[in-house]
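To start, the structure under review is shown below, and the notes come after it.
2 protein chains.
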Amino acid sequence: MKEIELLKKILPSLHQADSVEVGPGDDCAVLDLGADHLLLAAVDQVVANVHYDLDATAPQLIAAKLLKRNLSDIAAMGGSASWALLALASTHNNDSWYTDFYAGLESEALRWDVSICGGDLTGLRQTVPGDVASLTILGTVPGRFPALRSNALSGELLYATGCFGNSYSSGHHLNFSPRLREGKFLAETFTRTMIDVSDGLLLDAGRLAIASRVGVEMWPEAVPRRTGAALEQVMGDGEDYELLFTVAPDAAARLEKSWPFSEVLLTRIGRIIVGPPGVVVNRQGQPLAEIYPAGFNHVVK
Amino acid sequence: MKEIELLKKILPSLHQADSVEVGPGDDCAVLDLGADHLLLAAVDQVVANVHYDLDATAPQLIAAKLLKRNLSDIAAMGGSASWALLALASTHNNDSWYTDFYAGLESEALRWDVSICGGDLTGLRQTVPGDVASLTILGTVPGRFPALRSNALSGELLYATGCFGNSYSSGHHLNFSPRLREGKFLAETFTRTMIDVSDGLLLDAGRLAIASRVGVEMWPEAVPRRTGAALEQVMGDGEDYELLFTVAPDAAARLEKSWPFSEVLLTRIGRIIVGPPGVVVNRQGQPLAEIYPAGFNHVVK
Numbered sequence: 025m026k027e028i029e030l031l032k033k034i035l036p037s038l039h040q041a042d043s044v045e046v047g048p049g050d051d052c053a054v055l056d057l058g059a060d061h062l063l064l065a066a067v068d069q070v071v072a073n074v075h076y077d078l079d080a081t082a083p084q085l086i087a088a089k090l091l092k093r094n095l096s097d098i099a100a101m102g103g104s105a106s107w108a109l110l111a112l113a114s115t116h117n118n119d120s121w122y123t124d125f126y127a128g129l130e131s132e133a134l135r136w137d138v139s140i141c142g143g144d145l146t147g148l149r150q151t152v153p154g155d156v157a158s159l160t161i162l163g164t165v166p167g168r169f170p171a172l173r174s175n176a177l178s179g180e181l182l183y184a185t186g187c188f189g190n191s192y193s194s195g196h197h198l199n200f201s202p203r204l205r206e207g208k209f210l211a212e213t214f215t216r217t218m219i220d221v222s223d224g225l226l227l228d229a230g231r232l233a234i235a236s237r238v239g240v241e242m243w244p245e246a247v248p249r250r251t252g253a254a255l256e257q258v259m260g261d262g263e264d265y266e267l268l269f270t271v272a273p274d275a276a277a278r279l280e281k282s283w284p285f286s287e288v289l290l291t292r293i294g295r296i297i298v299g300p301p302g303v304v305v306n307r308q309g310q311p312l313a314e315i316y317p318a319g320f321n322h323v324v325k
Numbered sequence: 025m026k027e028i029e030l031l032k033k034i035l036p037s038l039h040q041a042d043s044v045e046v047g048p049g050d051d052c053a054v055l056d057l058g059a060d061h062l063l064l065a066a067v068d069q070v071v072a073n074v075h076y077d078l079d080a081t082a083p084q085l086i087a088a089k090l091l092k093r094n095l096s097d098i099a100a101m102g103g104s105a106s107w108a109l110l111a112l113a114s115t116h117n118n119d120s121w122y123t124d125f126y127a128g129l130e131s132e133a134l135r136w137d138v139s140i141c142g143g144d145l146t147g148l149r150q151t152v153p154g155d156v157a158s159l160t161i162l163g164t165v166p167g168r169f170p171a172l173r174s175n176a177l178s179g180e181l182l183y184a185t186g187c188f189g190n191s192y193s194s195g196h197h198l199n200f201s202p203r204l205r206e207g208k209f210l211a212e213t214f215t216r217t218m219i220d221v222s223d224g225l226l227l228d229a230g231r232l233a234i235a236s237r238v239g240v241e242m243w244p245e246a247v248p249r250r251t252g253a254a255l256e257q258v259m260g261d262g263e264d265y266e267l268l269f270t271v272a273p274d275a276a277a278r279l280e281k282s283w284p285f286s287e288v289l290l291t292r293i294g295r296i297i298v299g300p301p302g303v304v305v306n307r308q309g310q311p312l313a314e315i316y317p318a319g320f321n322h323v324v325k
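What follows is the structure, encoded as structure tokens:
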């Protein structure tokens with residue numbers, strides 16, 4: 025968490041040109057090129073033994089996870105993903121590891137209609153495994169209204185896709201499916217406020233609330249749990265890669281009725297309230313961070 | 025070089041959508057978003073003790089080098105740089121190193137009108153220093169004709185900006201100035217074929233020749249040398265970050281007369297010939313790779 029706190033201080037202070045509609049601080053940057061569509065851009069990385077167990081994870085799965093993490097950021101804006109660029113620094117010295125990594129990336133990219141249009145590869149001469157792979161995803165979103173973290177209004181209802189907790193031991197962190205179709209459907213009709221839940225439900229709900237300067241009332245017992253997950257894991261574990269979003273009360277029934285993705289849970293888990301900005305409470309008004317204090321940590325080893 | 029060879033095999037085989045005008049293999053990918061301008065995208069990284077000496081290099085300079093390497097790729101397309109995203113994985117555990125790194129990045133970005141619109145930071149828990157920083161640069165190029173590696177025609181003259189060799193010990197690899205203005209000027213009027221020389225003049229001339237399916241006659245004695253550089257360093261050293269490009273014979277005199285950058289050398293160093301594609305020879309027809317066999321290697325330690 026230390027790194028995220030540091031970035032949160034540095035990134036918003038960086039100067040942004042007028043063409044940057046949304047800069048650092050949301051799931052993607054939103055850039056205006058003068059086309060009908062806005063450009064979405066985000067970068068994310070996976071690091072050996074931080075985001076995956078190097079000895080136990082096939083290179084194909086590492087590559088697929090890297091792409092899908094980034095796709096989840098595009099999904100949270102309601103966008104479509106189009107292009108990706110990969111930078112890989114690796115200690116592996118056998119060609120087959122790289123070939124497998126790229127095969128996994130290519131196969132996942134084909135599944136989501138993404139072109140891997142650029143790349144860089146550096147061999148590391150270290151004795152300690154230290155693979156670092158970063159991927160920049162580029163996509164588009166129609167018109168001038170991508171879903172942002174900062175648009176929530178008090179009175180709106182809080183919804184989530186899928187279920188939560190226990191991502192590592194269940195293998196979900198490798199085999200999840202980014203919610204691209206769902207994000208697009210939601211942003212087109214039902215929501216202007218969305219975030220991808222990757223660092224823990226409670227933490228990411230807090231981020232949405234901070235960005236929107238609102239409070240959140242969340243109902244922990246209503247949140248769908250992944251098999252084997254205790255309630256504190258549901259609230260605190262990372263790597264769920266689900267969407268958290270708000271819906272106007274008068275649209276909620278229509279959303280639930282028209283939800284076309286029968287295999288993906290859609291659950292009302294709380295509401296936006298007037299309250300201290302960024303604070304997530306339960307029905308009794310108790311801050312959930314006090315009840316579930318364990319923050320998310322990516323370290324797998 | 026091993027990594028580059030591997031990428032050269034893998035990247036061109038990746039599937040590209042119709043929106044990808046130019047895929048992997050040139051200095052930038054060229055993407056069509058349906059705007060007046062085409063989008064340029066490239067990724068490059070700097071790794072501790074591969075691209076710089078970790079103990080001896082200020083974080084500000086590392087960050088600036090990373091951005092400028094990428095700007096050099098935009099320059100080689102004749103484009104303008106607009107946005108950048110940074111992924112940083114670092115073993116440093118003091119905030120001041122990161123603050124200095126971002127300060128260096130921001131200051132260089134302001135100089136070139138680039139907005140740092142996104143980033144990711146991962147802390148590494150290693151005992152061995154293994155910092156990896158990758159940056160994706162995004163830019164634009166007007167119309168449908170960026171300068172490419174693949175447009176050279178036999179009979180054209182070969183030109184280069186600046187001087188070559190001895191980049192590491194002279195400090196040029198840290199304090200160079202990417203040729204953005206020069207690249208734009210050249211692509212607007214004088215050339216359709218350009219490459220950035222970052223892996224050694226001979227190697228990058230060969231790449232231009234392979235992409236264009238032509239031969240190159242190069243005049244080593246005509247190439248401007250950086251102070252202290254022997255001829256083999258001029259031909260083989262990397263990290264020059266100069267532009268290599270071709271000009272039609274009837275435009276050469278006009279180019280030399282109208283060159284507006286008095287502080288940047290402009291030198292005719294050879295010509296495009298009919299010959300085995302990718303082979304660079306001297307006036308006597310001898311392959312220069314036989315005379316200057318030392319290939320470039322980024323390792324600084």
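Residue numbers (the working numbering), protein chains in the order written: chain A, 25 to 325; chain B, 25 to 325.
We put the CB at the ideal spot given by N, CA and C, even for glycine.
Keep in mind the model is a prediction, meaning the values are calculated, not measured.
Chain-ordered neighbours of residue i on chain A, where CB pairs are closer than 9 Å
i, result
"residue 113 of chain B", "69, 71, 74, 113, 154, 156 and 158"
"residue 130 of chain B", "34, 37, 38 and 39"
Coil, strand or helix - residue i by DSSP
i, result
"residue 63 of chain B", "strand"
"residue 213 of chain A", "helix"
"residue 290 of chain A", "strand"
"residue 172 of chain B", "strand"
"residue 185 of chain B", "strand"
"residue 323 of chain B", "Residue placement at residue 323 of chain B is poorly supported in this model, since its pLDDT is 41, which falls under 50; the coordinates still yield a value, given next. Looking at residue 323 of chain B - three-state DSSP - the assignment turns out to be coil, as it is neither helix nor strand."
"residue 249 of chain A", "strand"
"residue 270 of chain A", "strand"
"residue 231 of chain B", "helix"
"residue 48 of chain A", "strand"
"residue 84 of chain A", "helix"
"residue 43 of chain A", "coil"
Proximal chain A residues relative to residue i, where beta-carbon distance stays under 8 Å
i, result
"residue 84 of chain B", "Those do not exist, as residue 84 of chain B stays about 14 Å from chain A at its closest Cβ, beyond 8 Å."
"residue 44 of chain B", "107, 139 and 141"
"residue 198 of chain B", "Those do not exist, as residue 198 of chain B stays about 18 Å from chain A at its closest Cβ, beyond 8 Å."
"residue 164 of chain B", "57"
Interface flag, residue i vs chain A, CB-CB below 9 Å
i, result
"residue 48 of chain B", "yes"
"residue 172 of chain B", "no"
"residue 119 of chain B", "yes"
"residue 87 of chain B", "no"
Residue i, enclosing beta strand (DSSP E) - first and last residue
i, result
"residue 239 of chain A", "239-242"
"residue 76 of chain B", "Premise fails: residue 76 of chain B is in no beta strand (DSSP E) and is neither H nor E."
"residue 220 of chain A", "218-221"
Identity of the residues DSSP links to residue i by a beta bridge
i, result
"residue 163 of chain A", "A:64 and A:105"
"residue 144 of chain A", "A:111"
"residue 69 of chain B", "B:158"
"residue 304 of chain A", "A:240"
"residue 295 of chain B", "B:181 and B:241"
"residue 139 of chain A", "A:107"
Listed by chain order, chain B residues near residue i by CB distance under 8 Å
i, result
"residue 58 of chain A", "59, 60 and 61"
"residue 53 of chain A", "107, 109, 141 and 142"
Within-9 Å CB hit, residue i to chain B
i, result
"residue 203 of chain A", "no"
"residue 146 of chain A", "yes"
"residue 320 of chain A", "Here residue 320 of chain A scores only 49 on pLDDT, less than 50, and its place in the model should not be relied on; the value that follows carries that caveat. Answer no: the Cβ-Cβ gap between residue 320 of chain A and chain B never drops below 9 Å."
"residue 126 of chain A", "yes"
"residue 232 of chain A", "no"
"residue 133 of chain A", "yes"
"residue 249 of chain A", "no"
"residue 168 of chain A", "no"
"residue 149 of chain A", "yes"
Host alpha helix (DSSP H) of residue i (start-end)
i, result
"residue 256 of chain A", "255-260"
"residue 53 of chain A", "Unbroken run through residue 53 of chain A is the beta strand (DSSP E), 53-55; no alpha helix (DSSP H)."
"residue 130 of chain A", "119-135"
"residue 314 of chain A", "312-315"
"residue 35 of chain A", "Note, residue 35 of chain A: premise wrong, no alpha helix (DSSP H); not H, not E."
"residue 196 of chain A", "196-199"
Beta-carbon neighbours of residue i, restricted to chain B and to distances below 9 Å
i, result
"residue 122 of chain A", "27, 30, 31 and 34"
"residue 66 of chain A", "109, 142 and 144"
"residue 217 of chain A", "Correct list: empty, because the minimum Cβ distance to chain B is about 20 Å."
Contact test: residue i Cβ vs the ligand MG heavy atom, cutoff 8 Å
i, result
"residue 75 of chain B", "Within the structure as shown, the ligand MG is missing, as the structure has no ligands at all."
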